[in-house]
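*Asks:* Taken in order, these protein sequences are the chains called A and B.
Position 198 of the first sequence, counting from 1, maps to 198 under the numbering used here, and the rest follow consecutively.
Numbers in the numbering used here are just positions in the second sequence, counted from 1, shifted up by 1000.
Input: one structure, supplied below.
Number of protein chains: 2
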Amino acid sequence: MSHAIINGAIVPESEAKVLISDLSIQRGYGIFDYFRARAGEPVFLEDHLDRFYHSATVMRLTPDVDRSRLKQLLKELIEINGAPHAGVRITLTGGYSENGYTPATPNLLITLAPYHYDPTSFDKGIQLVTNDFQRQLPEVKTIDYLQAIYLQPYIREHHADDVLYHQNGSIRECPRANFWAVTENGDLITPADRILKGVTRKKILTMRDLRPQEAQLPLSALVTAREAFITSTTKIVTPVLKIDGRPVGNGKPGPIAAEIYRRLIGMRGGHE
Amino acid sequence: MSHAIINGAIVPESEAKVLISDLSIQRGYGIFDYFRARAGEPVFLEDHLDRFYHSATVMRLTPDVDRSRLKQLLKELIEINGAPHAGVRITLTGGYSENGYTPATPNLLITLAPYHYDPTSFDKGIQLVTNDFQRQLPEVKTIDYLQAIYLQPYIREHHADDVLYHQNGSIRECPRANFWAVTENGDLITPADRILKGVTRKKILTMRDLRPQEAQLPLSALVTAREAFITSTTKIVTPVLKIDGRPVGNGKPGPIAAEIYRRLIGMRGGHE
């Protein structure tokens, strides 16, 4: 992708820089959101912007562009990059802090990246390894992925594809995806709180005939669960075939995951 | 301060920038260390560099300058800025990640800032408000201060100067300082683990005649404690007069804090 936007100005990516006094670099303070553009149109844009402005408010960061201007900037960037199909990231940082601690006027960064989805992902599924960890400010999409990146070797050592966070046995989320299980009774459950509430998760919660529930979900429920899967903008629905080396259900992608996947592909505007 | 160093190159501060693909901005991934320069000489430099390289190793970030080259860069920056008295910060970020997630060649940033110490700080003391929070990767000096900055209004609302983290009642640390108490029995205690181990704390642990102990320290011990104080490069020793609005001891700076303060000023090369 050739260009990015910094505080409303379109700049070549090779010049897309911020001063090192920015509070993201100094103190890890910033938020972002990420979504897909398809045929030039951001997918589920209103949901993502709702969350972006919510994250900003909680962190007391005030973007100096309003929603309609932000949409215009997104459109311009997609056009100038000639990238109708892309992953779009909007980042809002703590800004150039005078004392290196107190947030200042935020810097707004918009970048595009190629968006890849491998259509064999659903059938392949993934394996997870668990880790007792509670994200700080969990309902805010902060830039904090310290633990997730730190755990990369741990994930590889356990022959897993990603980590599943839990707190004292109560399941939370993956670093970049929500978690779902179909229990032995057939209940479709996703953890209720202390997580980042994904836009894909939100869409699934509208599928009322499937009776999705937001509830406590203990790790112990996985022993007898029929299915487990994760959901996100990038992963759509990806079945979890093993957790901590133990198969979930029959160790294959399940019918509820497949049905949700089919519906989401429809809602997202057709297959990739 | 007029200049900074980025990856070995001296640049004017107004041009001290990194690309927004840096993993500190994208994922909050980076470490740093901070120390004082006095009369052109960094104070306790070896201790700080030990910790800096340790933090880098744990985070799998490999600075491409070795220790002697780093010392040379520090010297050059202090000279070019004409700043024999300054706070020095060395930051090592996750670098320009190809996929926005996997650490790359780190960026090494060195900056100077004015170092202020108000000599009336000791007598004034501070007030703390408690918060149940455990820092992630606590023994690494990461750039993660999300919770600390998020809590700034909470601190002000409680008429406090800073926050004291504890986990289920077990005292940890302040965001930028270690915590100490003198218990009702006269024991001098600082929390043993799950904290960042400060260089000032390390110096105090060498004052064997004062019998400093690294141990569990419950919040409940503060009710009957004779003294409490925090220690750091910036705060030296600052008495804690109230915690959650309740006076510690007689609510005045105590004799153990005063003695440690006196000795540290000596070790640091005289009063500020």
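C-beta atoms are modelled at their ideal positions from N, C-alpha and C, and glycine is treated no differently.
All of these numbers come straight from a predicted model, not from anything done at the bench.
Suppose you measure from the CA of A/PRO239 to the CA of B/PHE1032; what does that come to, to the nearest Å?
*Replies:* For the purposes of this step, residue 239 of chain A is taken as the residue at position 239 of the first sequence. For the purposes of this step, residue 1032 of chain B is taken as the residue at position 32 of the second sequence. Near 39 angstroms, if we compare the C-alpha coordinates of B/PHE1032 and A/PRO239.
*Asks:* Within 10 Å of its beta-carbon, does A/SER14 have 16 or more other beta-carbons around it, so buried, or fewer, so exposed?
*Replies:* Start at 1 with the first residue of the first sequence, and residue 14 of chain A comes out as number 14. Exposed, by the Cβ-count rule.
*Asks:* On the CB-based measure, 16 or more other CB atoms within 10 Å of its CB, does B/THR1206 come out buried or exposed?
*Replies:* Translated into positions along the second sequence, residue 1206 of chain B becomes position 206. By the 10 Å Cβ count, B/THR1206 comes out exposed.
*Asks:* Is the separation between the beta-carbon of A/GLU214 and that of A/ALA228 shorter than 8 angstroms?
*Replies:* Locating residue 214 of chain A in the first sequence gives position 214, counting from the first residue. Locating residue 228 of chain A in the first sequence gives position 228, counting from the first residue. Not closer than 8 angstroms, so no.
*Asks:* Residue ranges of each alpha helix (DSSP H) run of no fewer than 4 residues wholly in the region 1139 to 1174 of chain B, ordered along the chain?
*Replies:* As far as the region 1139 to 1174 of chain B is concerned, its whole alpha helix (DSSP H) runs of at least 4 residues are 1146 to 1150, 1152 to 1157.
*Asks:* Answer with yes or no whether the minimum CB distance from B/ASP1144 to chain A is below 8 angstroms.
*Replies:* Within the second sequence, numbered from 1, the residue matching residue 1144 of chain B stands at position 144. Judged by the 8 angstroms Cβ criterion, B/ASP1144 is in contact with chain A.
*Asks:* Taking one C-beta from the region 1045 to 1056 of chain B and one from the region 1006 to 1026 of chain B each time, how about it: are there three or more such pairs within less than 8 angstroms?
*Replies:* Contact fails: fewer than three Cβ-Cβ distances are below 8 angstroms.
*Asks:* Compute the minimum distance between the beta carbon of B/TYR1029 and the heavy atoms of the ligand NAP, and state whether it is under 7 angstroms.
*Replies:* Judged by which ligands are present, the structure shown has none, so any question about the ligand NAP falls away.
*Asks:* Going along chain B, which residues have a C-beta under 8 angstroms from A/SER24?
*Replies:* Counting from one through the first sequence, the residue named residue 24 of chain A turns up at place 24. Result: SER1024, ILE1025, GLY1028.
*Asks:* From which residue to which residue does the beta strand (DSSP E) around A/HIS116 run?
*Replies:* Start at 1 with the first residue of the first sequence, and residue 116 of chain A comes out as number 116. No beta strand (DSSP E) contains A/HIS116, which DSSP labels as neither H nor E.
*Asks:* Skipping 5 residues on each side, what residues in its chain have a beta carbon closer than 7 angstroms to that of B/ASP1118?
*Replies:* Sequence index remark: in the second sequence, residue 1118 of chain B carries index 118 (1-based). For B/ASP1118, where only same-chain residues beyond five positions count, there are no Cβ hits under 7 angstroms.
*Asks:* For the alpha helix (DSSP H) that B/ARG1089 lies in, which residues bound it at each end?
*Replies:* Indexing the second sequence from 1 puts residue 1089 of chain B at position 89. Looking at the DSSP string, B/ARG1089 is not in any alpha helix (DSSP H); the run it does join, the beta strand (DSSP E), is 1086 to 1093.
*Asks:* Using a Cβ-Cβ distance under 8 angstroms, would B/PRO1103 count as near chain D?
*Replies:* Although the question refers to chain D, the structure presented lacks it and instead comprises the protein chains A and B.
*Asks:* So what's B/ALA1009 in DSSP terms, helix, strand or just coil?
*Replies:* Along the second sequence, read from residue 1 onward, the residue named residue 1009 of chain B stands at position 9. DSSP places B/ALA1009 in strand when its eight states are reduced to three.
*Asks:* Can A/ILE10 and A/ILE80 be called in contact, C-beta distance under 8 angstroms?
*Replies:* Position 10 of the first sequence holds residue 10 of chain A. Position 80 of the first sequence holds residue 80 of chain A. Contact flag set, yes.
*Asks:* Considering only DSSP beta bridges, list what A/GLN127 is partnered with.
*Replies:* By 1-based counting over the first sequence, the position of residue 127 of chain A is 127. Per DSSP, A/LYS242.
*Asks:* List the residues of chain A that B/ILE1020 touches, going by C-beta distances under 8 angstroms, in chain order.
*Replies:* Numbered from 1 along the second sequence, position 20 holds the residue referred to as residue 1020 of chain B. By Cβ distance, chain A contributes ALA4, ILE6, ALA16, LYS17, VAL18, THR91, LEU109, THR111.
*Asks:* How would you call B/ASP1162, buried or exposed, if buried means at least 16 neighbouring beta carbons within 10 angstroms?
*Replies:* Along the second sequence, read from residue 1 onward, the residue named residue 1162 of chain B stands at position 162. Classification of B/ASP1162: buried, given that the 10 Å Cβ count is 16 or more.
*Asks:* By the criterion of Cβ-Cβ separation under 7 angstroms, what are the contact partners of A/GLN274 in chain B?
*Replies:* Given that chain A is displayed from residue 1 to residue 272, the structure contains no residue 274 of chain A and the question cannot be resolved.
*Asks:* Taking B/ILE1275 as the reference, which of B/ARG1194, B/ALA1258, B/ALA1181, B/ILE1204 has the closest Cα?
*Replies:* The structure shown has nothing for residue 1275 of chain B, since chain B only spans 1001 to 1272.
*Asks:* Give a yes or no on whether the minimum CB-CB distance between A/MET267 and chain B is below 8 angstroms.
*Replies:* Counting from one through the first sequence, the residue named residue 267 of chain A turns up at place 267. No, A/MET267 lies away from the interface with chain B (no Cβ there is under 8 angstroms from its Cβ).
*Asks:* Within 10 angstroms of the Cβ of A/LYS197, are there 16 or more other Cβ atoms? Answer buried if so, exposed if not.
*Replies:* Against the first sequence, residue 197 of chain A aligns to sequence position 197. Buried, since its Cβ has 16 or more Cβ neighbours within 10 Å.
*Asks:* Where does A/ARG208 sit, in a helix, a strand or coil, going by DSSP?
*Replies:* By one-based count along the first sequence, residue 208 of chain A stands at place 208. Helix at A/ARG208.
*Asks:* Give the straight-line distance between the Cα atoms of B/ILE1260 and B/PRO1212, rounded to the nearest whole angstrom.
*Replies:* As a first step, residue 1260 of chain B must be located in the second sequence, where it is residue number 260. As a first step, residue 1212 of chain B must be located in the second sequence, where it is residue number 212. Their Cα atoms are separated by approximately 11 angstroms.
*Asks:* Quick check: the Cα distance between B/ASN1099 and A/ILE195, rounded to an integer number of angstroms?
*Replies:* Here the question's residue 1099 of chain B lines up with position 99 in the second sequence. Here the question's residue 195 of chain A lines up with position 195 in the first sequence. B/ASN1099 and A/ILE195: Cα-Cα distance of roughly 24 angstroms.
*Asks:* Would you check if there are 3 or more beta carbon pairs closer than 8 angstroms linking the region 27 to 46 of chain A to the region 94 to 108 of chain A?
*Replies:* Yes: the two stretches touch, three or more of their Cβ pairs being nearer than 8 angstroms.
*Asks:* List, in chain order, every chain B residue whose beta-carbon is nearer than 9 angstroms to that of A/MET59.
*Replies:* Taking the first residue of the first sequence as 1, we reach residue 59 of chain A at position 59. The contacting residues are LEU1146, ILE1149, TYR1150.
*Asks:* Is it the case that the Cβ atoms of B/GLY1095 and B/ASP1144 are separated by a distance below 8 angstroms?
*Replies:* Locating residue 1095 of chain B in the second sequence gives position 95, where the first residue counts as 1. Locating residue 1144 of chain B in the second sequence gives position 144, where the first residue counts as 1. Not in contact: B/GLY1095 and B/ASP1144 (Cβ atoms no closer than 8 angstroms).
*Asks:* How many Å lie between A/LEU92 and B/ARG1262 at the Cα?
*Replies:* As a working note, residue 92 of chain A is residue 92 in the first sequence. As a working note, residue 1262 of chain B is residue 262 in the second sequence. Each residue's alpha carbon lies about 44 angstroms from the other.
*Asks:* Since I believe A/THR231 is in contact with A/ARG201 (beta carbons under 8 angstroms), could you give me their beta-carbon distance rounded to a whole number of angstroms?
*Replies:* Position 201 of the first sequence holds residue 201 of chain A. Position 231 of the first sequence holds residue 231 of chain A. Confirmed, about 6 angstroms.
*Asks:* Would the region 1057 to 1068 of chain B and the region 171 to 191 of chain A be scored as touching if the rule is three or more Cβ pairs under 8 angstroms?
*Replies:* They do not touch, by the three-pair rule.
*Asks:* Which residue comes first and which comes last in the beta strand (DSSP E) that contains A/LEU188?
*Replies:* As a position in the first sequence, residue 188 of chain A is number 188, starting the count at 1. Taken as a continuous stretch (DSSP letters only), the beta strand (DSSP E) holding A/LEU188 covers 188 to 191.
*Asks:* What are the boundary residues of the beta strand (DSSP E) that includes A/GLY30?
*Replies:* Here residue 30 of chain A refers to the residue found at position 30 of the first sequence. Looking at the DSSP string, the run of the beta strand (DSSP E) that includes A/GLY30 is 30 to 38.
*Asks:* I'd like the span of the beta strand (DSSP E) that includes A/LYS75, first residue to last.
*Replies:* Along the first sequence, read from residue 1 onward, the residue named residue 75 of chain A stands at position 75. Not the beta strand (DSSP E): A/LYS75 falls in the alpha helix (DSSP H), residues 67 to 80.
*Asks:* Within this structure, are the beta carbons of A/ARG135 and A/TYR165 separated by less than 8 angstroms?
*Replies:* The residue given as residue 135 of chain A occupies position 135 in the first sequence. The residue given as residue 165 of chain A occupies position 165 in the first sequence. In contact: A/ARG135 and A/TYR165 (Cβ atoms closer than 8 angstroms).
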